Amino acid sequence: MEVLPAQPSVKGPAEMFTGDVYFDVIAKGEEPSRMRVNTVRFAPCARTAWHAHAVGQTLHVTEGVGLIQSRGGEIIEIRPGDTIHTPPGEWHWHGAAPDHFMTHLAMWEAPAPGSGPESEWGDHVTDEEYHHR
């Protein structure tokens, strides 16, 4: 057994996020594990860019009010206790509601070594897309 020290919070890079987003790495998925777990904190209106995960992603909301949308789907409001699974390759975005902070656990698995990237990132979610409810 090993107790791992907490790592510093990291600001979400502007290429992947709109607004103020910070995350804390909980599990890096060091081989043989490929499981990644981050706590992600979004300020009001902050959100991810469109993205897809090779092996899917599970989110678990712990605080606040958020929004999530799959490409072509409706924007769904998410709240503490909600768990959302996006299957492999499904393009989606998620973030905080306009008037609330939101925190979730993001859990995903990297694909086997040599079988491609774990995530693909696309365009930023526009203000028009974000506010289209």
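The C-terminal residue of the sequence shown carries number 134 in this note's numbering, and the numbering is unbroken.
All residues carry an ideal CB built from backbone N, CA and C; glycine is no exception.
Owing to the predicted nature of the structure, the values given are computational and were not obtained by experimental measurement.
Residue interval of the alpha helix (DSSP H) (run including residue i)
i, result
"Asp128", "Asp128 to His132"
Residue closest to residue i, alpha-carbon to alpha-carbon, out of the options
i, options, result
"Lys12", "Pro33, Ser34, Val41 and Pro6", "Val41"
"Met17", "Met103, Ala50 and Asp25", "Ala50"
"Pro9", "Arg35, Met2 and Phe24", "Phe24"
"Gln43", "Ala55, Arg80, Ala97 and Arg37", "For clarity, residue 43 is Phe in the given sequence; the question names Gln instead. The candidate whose alpha carbon is nearest that of Phe43 is Ala97."
"Glu130", "Ser71, Gly57 and Val62", "Ser71"
"Val62", "Ala47, Val56, Pro45 and Pro81", "Pro81"
"Leu5", "Ile77, Met108 and Lys29", "Lys29"
"Leu60", "Glu121, Pro88, Pro45 and Gly74", "Pro88"
"Gly57", "Glu75, Asp83 and Met36", "Met36"
"Gly73", "Ile85, Thr84 and Glu91", "Glu91"
"Thr84", "Thr19, Asp21, Met108 and Glu3", "Met108"
"Glu110", "Ile77, Glu31, Trp94 and Cys46", "Glu31"
"Ala99", "Pro114, His133, Pro112 and Pro45", "Note on residue identity: the sequence assigns Pro, not Ala, to residue 99. Selected option, being the one with the closest Cα: Pro45."
"Thr26", "Val38, Ser116 and Ala55", "The identity of residue 26 in the sequence shown is Val, whereas the question assumes Thr. Of the listed residues, the one whose Cα sits closest to Val26 is Val38."
"His93", "Glu3, Gly117 and Ala55", "Ala55"
Element boundaries [beta strand (DSSP E), containing residue i]
i, result
"Leu5", "No beta strand (DSSP E) contains Leu5, which DSSP labels as neither H nor E."
"Asp25", "Val22 to Ala28"
"His125", "His125 -> no beta strand (DSSP E), and no H or E assigned at all."
"Glu78", "Ile77 to Ile79"
"Ala47", "No beta strand (DSSP E) contains Ala47, which DSSP labels as neither H nor E."
Per DSSP, the bridge partner or partners of residue i
i, result
"Thr104", "Arg42 and Glu64"
"Trp94", "Gln70"
"Arg37", "Trp109"
"Ala55", "Bridge partners of Ala55: none, in fact."
"Ser120", "His54"
So does the region 95-106 actually touch the region 59-69, counting three or more Cβ pairs closer than 8 Å?
-> yes
Would you call the region 47-61 and the region 117-131 touching, i.e. three or more CB-CB distances under 8 Å?
-> yes
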